[in-house]
Amino acid sequence: MKHLKFLIGYLMFLVSLVDRSSVSAFPPQTIYQESSTKSHADINFYAIFLSTHQFLLRNNFVNGTGKLVSEVLGDFFGRDRDSLTIFHQNIHKITDYQNIIQRELVSVAHYHVNGEQILTAHNYIRSLRRSLIDLAQSRPDIDILRERVGQCLYTLQQFYSNTNWVELHGDTIIKEFGISAALSVSISNISDEPCSDCPTDLASLQSGLCKNNTRTTYLTSGYKSEQDVSKPPSNNQGIGKCSHGSQDDTSRLKSATGGIYKGRSSSAHAPHFHLHYEAFEAAKLATVYFLSDENDGLFSHLGIYLTKEVFQIKSKKENKEVKDYSITFVIDVTGSMSDNIAGVIQGAASFVDQIRQSERIPEKYILVTFSDPVDLEKIRVTNDADEMISWINGLTVSGGGDCPEYSLSGLIAGATFSNHNSTIYIYTDAPAKDESRETEVIEILQRKSITPKFRLRPECGTRRKRDTDRYKRQSSVYDSIAQATGGDVERFSTSAELADKVQEDLMSELLFIQSNSSQAISQNNLPSSISIIKWRYTHTDQLTYIEVDNSVDSLRIEINGTSNSSEIHLRNPNGLLVDSGSRDVTLQYSDNLTIFLIEGLWTLENIVSNPLTINITANSSFDISSSLREISSEGFFYPLNGNPVSGKEYVIVVLLENLPANFSISSIVLVDEKGNAVTTTVANLLSVTPNLQYFAKTKIFKQIAGVQIHGQDSTSQQFIRTCKHTINPVDVTLKMKPFIGDLSLSNFEQLEYNITNHGGNNRSLTLDVSDDKGYIVDNRSIHFHISPGESENKQVFILGTQPSTIVTVTASLKDEESHIVLQKLSKKLTVSSAIRPTCNLTSLGDICQNQRGNGSNCYDVLWQGSAQVNFSGIRIASLDVSSSSVNLTHGPLWSLYGPLEVTLKGDCCTRSIVLTATDNDGFIAQCRLQLFRDDSSNNVITDSSEPIDKKETVLNLTILGAAIGGALAGIVIFTTGVLLKIRHSSLKSSKVKDDTDMQTGISMVEQSDKNKTAHFRTFMLRESIVSSTPTESFFGRVH
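Take the position in the sequence shown, starting the count at 1, then add 504; the result is the number in the working numbering.
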């Protein structure tokens, strides 16, 4: 019976650690009604922005002399808005990894640097950082590296929110935290009482009566109720251990009352709200140091390539597929070109600038200028588009004398340096003085398969034409060359027409470069972002409205289902029927493509009997992306992993990139696969900086294919942007318990999955769990029945046998009747490079019977237990316990091999105890002891150890001479011995919260923006800092 009570108590302890607390940290994202509160998303954006700036300057990717931080990144990304959007989205991914810890592991103190777990948190980050660097040097996986970065940064940033560092040192940073083997600061002893009582009522907090409640010069952190390290009772009146102090923290009501939390700027939520901005600044600077310090920074350990990949510091200027191809300009710079040269310069420079934005670029650019005499000819070759543009912009005209010029000599020079199968553009207003070289020109062009394109203005401008027939005859040389080599000749009456032709040539060149590859033309190869306007599935006589706003450079309509222009009617905003002969519209039904440039509301009518599928995209820098998020009980938005529950309320968050000035947002629309609106909801402003985001609450009952944002441009013309976003609602959820860090080499680890039936019917389900290395040892396929509203936990065991390997675990939940896969999750895990310590509770001894803690006799009631720390090859550096009321007895720590036997003795005044073993590399093993529960008079002690660098509890029940059973199934276990083997893992209840907890209001961010038309994008908090040299910047404060 004793062991049964013990096991039931352990399971009750797991339930007690469910996420019942609000955010004990910086918020996950911006709180609109608390615009002065900075979130993890804010810290990450500013810090990664600054770190990227430093990275670009240090590696000479851009010249940052005299430029603002945002200008440096602007130079790097240029007009490549697609890559800039990916860069921003990647920061949100890193934040999402933080959000998982913030929500799912709220009960584990060291992740949040609560409960004086400062050294544990420090070593936790060290171990993650160590494994991250090891992984980068062996078999790097970008997804895992990015996840580890997010995990490190979460706890690093929490240090400044939840400790008293800011109270002692302001917005400076402790550089060693999470990096060095030891900290160079004095940390409060577990027997110290570093805080004094302060009022806890809202009026007193608003009056600042809790501002000066710390009474120590040592480093400490607050305790928070419902976490695994509980606040010890005070030994003296009016003073004691510090509390976290948020409103949901009941420990703030016990001495020392109040708290030191400063993760929000609101006095209603944070007792040290007045220090919030300093905490934000320190967290930002610490993140910058952790990432980009020249010696200790993560960037230096990852190297240039991995840094760019993990943080998506990539632009199309950098990510090029270089083609065996060249672009050559042969330009007449004689005086007669004075009326034409400006148009040629503008067009050619723009031509090169836009070509370089594509993913496939020419190997080199060649500029040949010719004049009269021939020895003034100049040839320049480069593979640097910026240098080519500089040369073009520097062109001037002079001299020339008579009308004919040495154009063929210039053409031969250009062909000599050009690649095979390339193009040469010739700009002149003069006939060839060296027409005798015609055969020589044709021979080299044919031999190298080079295509000449002559772009001619009226001969010699206003010069006196001595012999018109002669000049016409000489000009015809160009026609002869073009005819013999597959080129073309075009003549223009005005400079403006010539400049327009350059733009047309650009599209031709883009297509030609792509044709040299087996890959199809990608939308990313256009000069600016391709934004989806909408898609439609139309029937006969059905109209499709096409909104063209003033941010659109061009529009494309792909029409599938017809190849005949007579089968559709396209009308411009004036209501006029447009055909393929129109100046502004080109109909190309071979590619089902229409391009035009007129702003307004266009209409497309299907007049055929068969349906048409229409895809409409825009060449525009303004684009959107979306994410579906869950709503927590505090109203925060957290990433959703898997399919949503049908009929449950979620939030659609839309990120807007480069929204033009004076555009306003009105609604968020969910559309199906045919482009039809499923739901339309008013768009609410979530944040303006660091990213412009809108959100809408919605319930989803059917499959969604895309998300749209609707609004008006600066001329009150309606606009639409769409992003593809597939959403499949189901009535069953599948969640994997969080897993932090590495699989322990050669040790069994437990993966736990939670399944909840949110529907109204009984379900027969199969959970299939597999991996790509064969590490899962049993229960690969689990069949079970689940009733409406019920939740079940299912476990599988995994054994990593090869060090430093990466294993992908995939779990799919299938309905046994329909064989439809309802949910599917994948998780990449790494196996540790060495055997890391584990902690096992081996005996219980006396337990705390009928004591609530802090009672009059709790000091007189004693308990005793023992634990075993196992390790191999790496010494244990320290053994620590979370309470001063506990005495430890153990053997020497000098041995390379375990086990190490530990005896624990203490009184019953503290609810829970954590024993931490740290090896020389900073890796941690923990045993958790729950001495009594707040909801029961039957007090128990349990080992609920959760590895710091780890996941959910690993529970091995070794039964000597008895059976093994599952307590969740209600099986009574009669046993003669129990071994609970638990490495540090997160403790989360198997009982899922009621839906009402997830559907609470989010009024904190629900208020509509009264000035939706004013979206001022301010990037850096201190962006006015200017780099006078590549080494001088905002970073000077932390180096």
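Note that CB positions come from ideal geometry on N, CA and C, so glycine has one too.
Kindly list the residues whose CB is nearer than 7 Å to the CB of D1276, restricted to its own chain and excluding five residues on each side of it in sequence; keep chain order. Locating residue 1276 in the sequence shown gives position 772, where the first residue counts as 1. Cβ within range, chain order: V1311 and T1312.
Between F1427 and P1341, how many whole angstroms is the CB-CB distance? I'm expecting something under 8 Å. Here residue 1427 corresponds to residue number 923 of the sequence shown, with the count starting at 1. Here residue 1341 corresponds to residue number 837 of the sequence shown, with the count starting at 1. Right, the Cβ-Cβ distance comes to about 7 Å (below 8 Å), so this counts as a contact.
At the level of alpha carbons, what is the spacing between D1217 and H748? For the purposes of this step, residue 1217 is identified with residue 713 of the sequence shown, where counting begins at 1. For the purposes of this step, residue 748 is identified with residue 244 of the sequence shown, where counting begins at 1. Going from the Cα of D1217 to the Cα of H748 covers about 47 Å.
Can you tell me whether I1050 is buried or exposed, with buried defined as 16 or more other CB within 10 angstroms of its CB? Indexing the sequence shown from 1 puts residue 1050 at position 546. Answer is buried; the Cβ neighbour count reaches 16.
Taking the alpha-carbon positions, what's the W669 to A1187 distance? The residue labelled residue 669 in the question sits at position 165 within the sequence shown. The residue labelled residue 1187 in the question sits at position 683 within the sequence shown. The alpha-carbon atoms of W669 and A1187 are separated by roughly 40 Å.
Nearest-angstrom beta carbon gap, P532 and A545 [assumed within contact, 8 Å]: Position 41 of the sequence shown, counting from 1, holds the residue named residue 545. Position 28 of the sequence shown, counting from 1, holds the residue named residue 532. Indeed, because the Cβ distance is near 7 Å, the residues count as touching under 8 Å.
Which residues in the same chain as F565 place their Cβ atom closer than 7 Å to its Cβ, once the five residues preceding and following it in sequence are excluded? The sequence position of residue 565 within the sequence shown is 61, counting from 1. Counting only Cβ-Cβ distances below 7 Å, and skipping sequence neighbours, we find F580.
Which residues in the same chain have their Cβ closer than 6 Å to the Cβ of E697, if we skip the five residues on either side of it in sequence? Walking along the sequence shown from the start, residue 697 turns up at place 193. For E697, where only same-chain residues beyond five positions count, the Cβ hits under 6 Å are I743 and G744.
For the stretch 709-724 against the stretch 678-693, are there 3 or more C-beta pairs whose distance is under 8 Å? yes
Nearest to S1125 by alpha carbon, out of I883, D983, N1054 and D1235? Counted from its first residue, the sequence shown places residue 1125 at position 621. Of I883, D983, N1054 and D1235, the residue nearest in Cα terms is N1054.
May I have the straight-line CA-CA distance separating L915 from Y869, to the nearest angstrom? Locating residue 915 in the sequence shown gives position 411, where the first residue counts as 1. Locating residue 869 in the sequence shown gives position 365, where the first residue counts as 1. Their backbone Cα atoms lie some 15 Å apart in a straight line.
Through-space distance from S1250 to K1203, alpha-carbon basis: Here residue 1203 refers to the residue found at position 699 of the sequence shown. Here residue 1250 refers to the residue found at position 746 of the sequence shown. When rounded, the distance between both Cα atoms is 46 Å.
Residues bridged to S700 [DSSP beta-bridge criterion]: The residue given as residue 700 occupies position 196 in the sequence shown. Looking at the DSSP assignment, S700 forms a beta bridge with I743.
Helix or strand or just coil, what does DSSP make of L636? To locate residue 636, count along the sequence shown from 1; it is residue 132. Of the three classes helix, strand and coil, the one that applies to L636 here is helix, per DSSP.
Beta-carbon contacts of C714 that lie in its chain and below 6 Å, excluding the five residues immediately before and after: To locate residue 714, count along the sequence shown from 1; it is residue 210. Closer than 6 Å at the Cβ level, and outside the excluded window around C714, lie C702, G762 and P775.
Near the ligand ATP: Q731 beta-carbon under 8 Å from a heavy atom: Because no ligand of any kind appears in the structure shown, any question about the ligand ATP cannot be addressed here.
Determine the closest residue to N450 out of P1164, D836, H1073 and D1235, with distance taken between C-alpha atoms. The structure shown does not extend to residue 450, since the chain is modelled only from 505 through 1543, so no value can be given for it.
Work out the CA separation of I637 and G990 for me, nearest whole Å. In the sequence shown, counting from the first residue as 1, residue 990 sits at position 486. In the sequence shown, counting from the first residue as 1, residue 637 sits at position 133. If I take the Cα positions, the gap works out to 56 Å.
Spatial neighbours of L1366 within its chain, please: C-beta separation below 8 Å, excluding the five flanking residues on both sides. What you label residue 1366 is simply residue 862 of the sequence shown in a count that begins at 1. If we look at L1366 and ignore the five residues flanking it on each side, its Cβ neighbours are D1350, K1409, G1410, D1411 and C1412.
Distance, Cα to Cα, T1422 vs L1255? As a working note, residue 1422 is residue 918 in the sequence shown. As a working note, residue 1255 is residue 751 in the sequence shown. Taking the straight line joining both Cα atoms gives about 23 Å.
Have a look at P877 and Y910 and give me their C-alpha separation to the nearest angstrom. Position 373 of the sequence shown, counted from the first residue, corresponds to residue 877. Position 406 of the sequence shown, counted from the first residue, corresponds to residue 910. Answer to the nearest angstrom: the Cα atoms are 8 Å apart.
C-beta contact flag for I1213 and R1225 at 9 Å: As a position in the sequence shown, residue 1213 is number 709, starting the count at 1. As a position in the sequence shown, residue 1225 is number 721, starting the count at 1. Yes, Cβ-Cβ distance for I1213 and R1225 is below 9 Å.
Pick out the complete alpha helix (DSSP H) segments inside the stretch 816-870, 4 residues or longer, and give them in chain order. 845-859
So if DSSP puts I1290 in a beta bridge, which residue, or which two residues, is it bridged to? Indexing the sequence shown from 1 puts residue 1290 at position 786. Beta-bridge pairing links I1290 to R1267.
For R951, does the three-state DSSP call read helix, strand or coil? Position 447 of the sequence shown, counting from 1, holds the residue named residue 951. Residue state, collapsed to three classes: helix.
Kindly indicate which residue of G726, A1381, S770 and G674 has the alpha-carbon position closest to the one of S539. Within the sequence shown, numbered from 1, the residue matching residue 539 stands at position 35. Checking every option, the nearest Cα to that of S539 belongs to S770.
Going by DSSP in three states, Y536 sits in which element: helix, strand or coil? Sequence index remark: in the sequence shown, residue 536 carries index 32 (1-based). If DSSP states are grouped into helix, strand and coil, Y536 belongs with coil.
Going by alpha carbons, who is nearest to P1233 out of G1215, G570, G1263 and E994? Position 729 of the sequence shown holds residue 1233. It is G1263 whose Cα lies nearest to the Cα of P1233.
Minimum length 3: unbroken beta strand (DSSP E) runs contained in the stretch 1356-1438: 1366-1374, 1380-1385, 1391-1394, 1404-1411, 1416-1423 and 1428-1434
Between the alpha carbons of V1149 and I1156, how many angstroms are there, rounded? As a first step, residue 1149 must be located in the sequence shown, where it is residue number 645. As a first step, residue 1156 must be located in the sequence shown, where it is residue number 652. Taking the straight line joining both Cα atoms gives about 14 Å.
Beta-carbon proximity of C1431 to C1352, cut-off 9 Å: The residue given as residue 1431 occupies position 927 in the sequence shown. The residue given as residue 1352 occupies position 848 in the sequence shown. The answer is no: Cβ separation not under 9 Å.
Bridge partner(s) assigned by DSSP for C1227: Within the sequence shown, numbered from 1, the residue matching residue 1227 stands at position 723. DSSP output for C1227 lists V1211 as bridge partner(s).
Check whether V1373 and I1380 have beta carbons under 9 Å apart: Residue numbering aside, residue 1373 sits at position 869 when the sequence shown is read from its first letter. Residue numbering aside, residue 1380 sits at position 876 when the sequence shown is read from its first letter. Yes.
Name, in chain order, the residues that DSSP records as bridge partners for N1261. Counted from its first residue, the sequence shown places residue 1261 at position 757. Answer by DSSP bridge pairing, in chain order: V1236.
With a Cβ-Cβ cutoff of 9 Å, do G1179 and R1040 count as a contact? For the purposes of this step, residue 1179 is identified with residue 675 of the sequence shown, where counting begins at 1. For the purposes of this step, residue 1040 is identified with residue 536 of the sequence shown, where counting begins at 1. It is a contact, given that the beta carbons lie within the stated cut-off.
With DSSP collapsed to three states, give me the class of A1200. Position 696 of the sequence shown holds residue 1200. Of the three classes helix, strand and coil, the one that applies to A1200 here is strand, per DSSP.
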